[in-house]
Amino acid sequence: MISGRHELSLRRGSRVSFATYFNAFPASYWRRWTSADSVRLSVGIDAAATITVYKSNARGVAQRVKFLEADAGDHVFDLPLAPFGDGGWYWFELQAGKSVTRMRYASWSVDERHARREGRTSIGITTFNRPDYCAAQLASFADDELLSSVVDKVYVVDQGTQLVSEKDDYVRAKEALGDRLVLVRQGNLGGSGGFSRSMLETVRAGTSDYLLLLDDDVVSEPEGIVRAATFADFCRKPTIVGGHMFSMYDKSLLHAFGERVQPYTFLWGAAPHTGSHDFGSHPLRTTPWLHRRVDVDYNGWWMCLIPVEVIKEVGLSLPVFIKWDDSEYALRARKAGFPTVSLPGSAVWHVPWTDKDDGIDWQAYYHQRNRWLAALLHSPYPRGGALLRQSFNVDVKHLLSLQYSAVELRLMALEDLLSGPDHLHESLGTQLGKIRSMRAEHPDALVKRTSDAFPDPVPVRLPRKGREPEPPRGRLGFVASAAAGVLRQLRPVDARTKEVPEALVEATAAKWWRLGHVDSAVVTSADGTGASMYVRDPELFRSYLARSVRLHQELATRWPQLLKRYRRAMPDFVSTEQWARTFEANTVDDDD
Numbered sequence: 001m002i003s004g005r006h007e008l009s010l011r012r013g014s015r016v017s018f019a020t021y022f023n024a025f026p027a028s029y030w031r032r033w034t035s036a037d038s039v040r041l042s043v044g045i046d047a048a049a050t051i052t053v054y055k056s057n058a059r060g061v062a063q064r065v066k067f068l069e070a071d072a073g074d075h076v077f078d079l080p081l082a083p084f085g086d087g088g089w090y091w092f093e094l095q096a097g098k099s100v101t102r103m104r105y106a107s108w109s110v111d112e113r114h115a116r117r118e119g120r121t122s123i124g125i126t127t128f129n130r131p132d133y134c135a136a137q138l139a140s141f142a143d144d145e146l147l148s149s150v151v152d153k154v155y156v157v158d159q160g161t162q163l164v165s166e167k168d169d170y171v172r173a174k175e176a177l178g179d180r181l182v183l184v185r186q187g188n189l190g191g192s193g194g195f196s197r198s199m200l201e202t203v204r205a206g207t208s209d210y211l212l213l214l215d216d217d218v219v220s221e222p223e224g225i226v227r228a229a230t231f232a233d234f235c236r237k238p239t240i241v242g243g244h245m246f247s248m249y250d251k252s253l254l255h256a257f258g259e260r261v262q263p264y265t266f267l268w269g270a271a272p273h274t275g276s277h278d279f280g281s282h283p284l285r286t287t288p289w290l291h292r293r294v295d296v297d298y299n300g301w302w303m304c305l306i307p308v309e310v311i312k313e314v315g316l317s318l319p320v321f322i323k324w325d326d327s328e329y330a331l332r333a334r335k336a337g338f339p340t341v342s343l344p345g346s347a348v349w350h351v352p353w354t355d356k357d358d359g360i361d362w363q364a365y366y367h368q369r370n371r372w373l374a375a376l377l378h379s380p381y382p383r384g385g386a387l388l389r390q391s392f393n394v395d396v397k398h399l400l401s402l403q404y405s406a407v408e409l410r411l412m413a414l415e416d417l418l419s420g421p422d423h424l425h426e427s428l429g430t431q432l433g434k435i436r437s438m439r440a441e442h443p444d445a446l447v448k449r450t451s452d453a454f455p456d457p458v459p460v461r462l463p464r465k466g467r468e469p470e471p472p473r474g475r476l477g478f479v480a481s482a483a484a485g486v487l488r489q490l491r492p493v494d495a496r497t498k499e500v501p502e503a504l505v506e507a508t509a510a511k512w513w514r515l516g517h518v519d520s521a522v523v524t525s526a527d528g529t530g531a532s533m534y535v536r537d538p539e540l541f542r543s544y545l546a547r548s549v550r551l552h553q554e555l556a557t558r559w560p561q562l563l564k565r566y567r568r569a570m571p572d573f574v575s576t577e578q579w580a581r582t583f584e585a586n587t588v589d590d591d592d
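When you line the sequence shown up against UniProt numbering, it's residues 1 to 592, in that order.
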């Protein structure tokens, strides 16, 4: 029975294992990134019990390394880190003896002589109209004494109109934290603008060794924050230390364990051999891939601790509003000699992205422009490797899917990119308004609350032999299906389908090879909150396809020139001086 954050009681003869994500010690990470050569396990019990210590290797094979029939008292085990070159954890199990046993505490510790520093951290939270989430997180900071031992300042950059300062939890946090809680209001500059403001304020204050970036809509664990800061203290060189992401709605479901940017496609994604994982169904001890050390390119800014010396050397975030700011920053830092580590045992709970498709909403602009921008700055391949081909293919996919709003935003993104780096800061505070206005001109972007808001579907052309469209098979089938889809898009549209849809299509079935067979369809949104009517438009198809061809040809031709131009300008557009001018231009009156 758990009786406190560090205590539990065991019935006579019962056994408990601490081979869990938050309780086991990620030995391979300490072995790889720090100067520590051993770790100490300390356990305090008030009655006789057996303590068994285990270790695993990179294949997940467990081995007993210590066994003690312990009396009541404090017990210490010094354990080497040498065997953990490629992976592995330490954990222990406790079995009560002939009476109820209370474990008073248990801890992992490393000799402080191996620490580079005993650092202090500031916390930076960017928020936009999520005052309840943000205020609740601040209140959790106020209640934790351990956290106060490492935190200098908590910067809340409020870019919204629903103010966090008006919430009771904020008032309570302010009373507890005092002048350590700093509220900054500014115009909506997205996540990159909010986090860059925290970076700037931390550098200017000059009191912290680290800045921990946190999303406003996460549930954070103060112990995890302290672990990240402690690990950073022990790293051999200044290191970005990130936390993992669990689902807010399914607490044992891990969504992100490690992130990479694939160099040839220049696309982010899960690191090799990783993926979503439910610890409720498959514990750490029985999941081999979790025992291999995972080296990453970047960590999401849902929880990411950055040394201040890194900020001073490589600058602030790209001025990109959202998307690719976190991944690009880590790539930039790595070039300067600063690695990133995603540390097991340090994590937050976040609203999962699995029920969203932000590649077709207003964020499509930022996905497209910022991927290209990051590739211009960091791709090792001529003309971005496969990026050119993939980018054009995605445009065609959206066109075949009747998602014209997404295509227009993607084309606008490329046009802005081609205009040069000056547009980044100039448009940061105004671009979102233009994006929303542009989307409003397209039926596929107009969401109604339910599909019942549209007329019932009436198919104009019945499926051949009653067969519904199927996904293409093989490379030739894919090419043939896409070519046939393009030809279908050029046919005239039956006038009736502009008012009455031909089909009702669920979000999971809204694929290009399905939507390409209809003149119109009502498509439910990925998050289930509404539906939109997609209507085929041959004129738009021709216009957007030609525009996409032209823009991608121009990008291929001008790639060397653009690469030099953006790389030459980067020190300026990530500088504290340029960001300070942007913040000054986007000030908000506290009375607004």
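Backbone N, C-alpha and C define an ideal beta-carbon position, used for all residues, glycine too.
Endpoints, alpha helix (DSSP H) assigned at residue i
{"i": "HIS114", "result": "It is not in any alpha helix (DSSP H) - HIS114 carries neither H nor E in the DSSP assignment."}
{"i": "LYS335", "result": "325-335"}
{"i": "SER543", "result": "538-573"}
{"i": "MET199", "result": "190-205"}
{"i": "LEU147", "result": "145-148"}
{"i": "HIS423", "result": "422-427"}
{"i": "LEU418", "result": "404-419"}
{"i": "HIS378", "result": "364-378"}
{"i": "TYR534", "result": "No alpha helix (DSSP H) contains TYR534, which is instead part of the beta strand (DSSP E) from 531-535."}
{"i": "ARG185", "result": "Premise fails: ARG185 lies in the beta strand (DSSP E), 181-185, not in any alpha helix (DSSP H)."}
{"i": "LEU387", "result": "387-400"}
{"i": "LEU10", "result": "Where LEU10 is concerned, there is no enclosing alpha helix (DSSP H), although the beta strand (DSSP E) it sits in stretches over 8-10."}
{"i": "SER140", "result": "131-142"}
Residues of its chain near residue i, where Cβ-Cβ distance is below 8 Å and the 5 sequence neighbours each way are ignored
{"i": "VAL447", "result": "SER525, THR529, GLY530, ALA531, SER532"}
{"i": "LEU409", "result": "TRP362, ALA364, TYR365, GLN368, ILE435, MET438, ARG439"}
{"i": "PHE246", "result": "SER252, LEU253, LEU254, HIS255, ALA347, VAL348, TRP349, HIS350"}
{"i": "PRO457", "result": "VAL500, PRO501, GLU502, ALA503, LEU504, ALA521, VAL522"}
Where the beta strand (DSSP E) through residue i begins and ends
{"i": "ARG104", "result": "101-109"}
{"i": "ARG15", "result": "15-17"}
{"i": "ASP215", "result": "210-215"}
{"i": "LEU446", "result": "Counting along the chain, LEU446 falls outside any beta strand (DSSP E), and DSSP gives it neither H nor E."}
{"i": "GLY433", "result": "Unbroken run through GLY433 is the alpha helix (DSSP H), 431-439; no beta strand (DSSP E)."}
{"i": "ILE125", "result": "121-127"}
{"i": "HIS350", "result": "340-350"}
{"i": "LEU318", "result": "Taken as a continuous stretch (DSSP letters only), LEU318 belongs to no beta strand (DSSP E), as it is neither H nor E."}
{"i": "VAL458", "result": "From DSSP, VAL458 is part of no beta strand (DSSP E); its letter is neither H nor E."}
{"i": "PRO307", "result": "303-307"}
{"i": "SER220", "result": "218-220"}
Burial state of residue i (16 or more Cβ within 10 Å)
{"i": "GLY85", "result": "exposed"}
{"i": "VAL76", "result": "exposed"}
{"i": "ASN393", "result": "exposed"}
{"i": "PHE583", "result": "buried"}
{"i": "GLN431", "result": "buried"}
{"i": "VAL522", "result": "buried"}
{"i": "LYS167", "result": "buried"}
{"i": "ALA375", "result": "buried"}
{"i": "PHE478", "result": "exposed"}
{"i": "TYR170", "result": "buried"}
{"i": "residue 597", "result": "Since the first residue shown for the chain is 1 and the last is 592, residue 597 is missing from the structure and cannot be characterised."}
{"i": "TRP579", "result": "buried"}
{"i": "TYR105", "result": "exposed"}
Chain-order list of residues whose beta-carbon lies under 6 Å from that of residue i (same chain, five-residue window excluded)
{"i": "PRO307", "result": "TYR210, PRO238"}
{"i": "VAL493", "result": "ASP519, ARG536"}
{"i": "GLU328", "result": "LEU318, ALA374"}
Contacts around residue i, its chain only, beta-carbon distance under 7 Å, and the 5 residues preceding and following it disregarded
{"i": "GLY88", "result": "ALA27, SER28, LYS55, SER56, ASN57, ALA58, HIS291"}
{"i": "GLN63", "result": "TYR54, LYS55"}
{"i": "ILE322", "result": "GLY190, GLY191, SER192, GLN363, TYR366"}
{"i": "GLY194", "result": "THR126, VAL157, GLN159"}
**OP:** Counting only runs of 3+ residues fully inside the segment 229-268, write out the beta strand (DSSP E) ranges in chain order.
**Re:** 240-247, 253-256, 259-262
**OP:** At 3 residues or longer, and completely inside the segment 20-96: list those beta strand (DSSP E) runs for me, N to C.
**Re:** Whole beta strand (DSSP E) segments, 3+ residues: 38-45, 49-56, 62-70, 73-80, 90-96.
Original post:
Just checking, does the segment 559-569 make contact with the segment 416-428 on the three C-beta pairs under 8 Å criterion?
Top reply: yes
**OP:** Tell me the start and end of each unbroken beta strand (DSSP E) in the segment 153-177 that is at least 3 residues and wholly inside, in chain order.
**Re:** Correct list: empty.
Original post:
Looking at C-beta atoms only, is the number of pairs between the segment 549-556 and the segment 397-407 that lie closer than 8 Å three or more?
Top reply: no
Subject >> Contact the segment 185-198 vs the segment 108-117: 3+ CB pairs below 8 Å >> reply: no
Subject >> Given 8 Å, three or more beta-carbon pairs between the segment 214-224 and the segment 139-148 >> reply: yes
Original post:
Counting Cβ pairs closer than 8 Å, one from the segment 156-166 and one from the segment 291-307, do we hit at least three?
Top reply: no
**OP:** Report yes or no: do the segment 272-283 and the segment 243-256 share at least 3 C-beta pairs separated by less than 8 Å?
**Re:** yes
Original post:
Taking three-plus beta-carbon pairs below 8 Å as touching, is the segment 266-279 in contact with the segment 332-339?
Top reply: no
Original post:
Should the segment 309-318 be regarded as contacting the segment 256-270, the criterion being three or more beta carbon pairs within less than 8 Å?
Top reply: Fewer than three pairs of CB atoms, one per stretch, sit closer than 8 Å, so the segment 309-318 makes no contact with the segment 256-270.
**OP:** Write down every uninterrupted run of the alpha helix (DSSP H) in the segment 480-528 whose length is 4 residues or greater and which is fully enclosed by it, in chain order.
**Re:** 512-515
**OP:** May I ask you to verify whether the segment 89-97 touches the segment 44-52, counting CB pairs closer than 8 Å and requiring at least 3?
**Re:** yes
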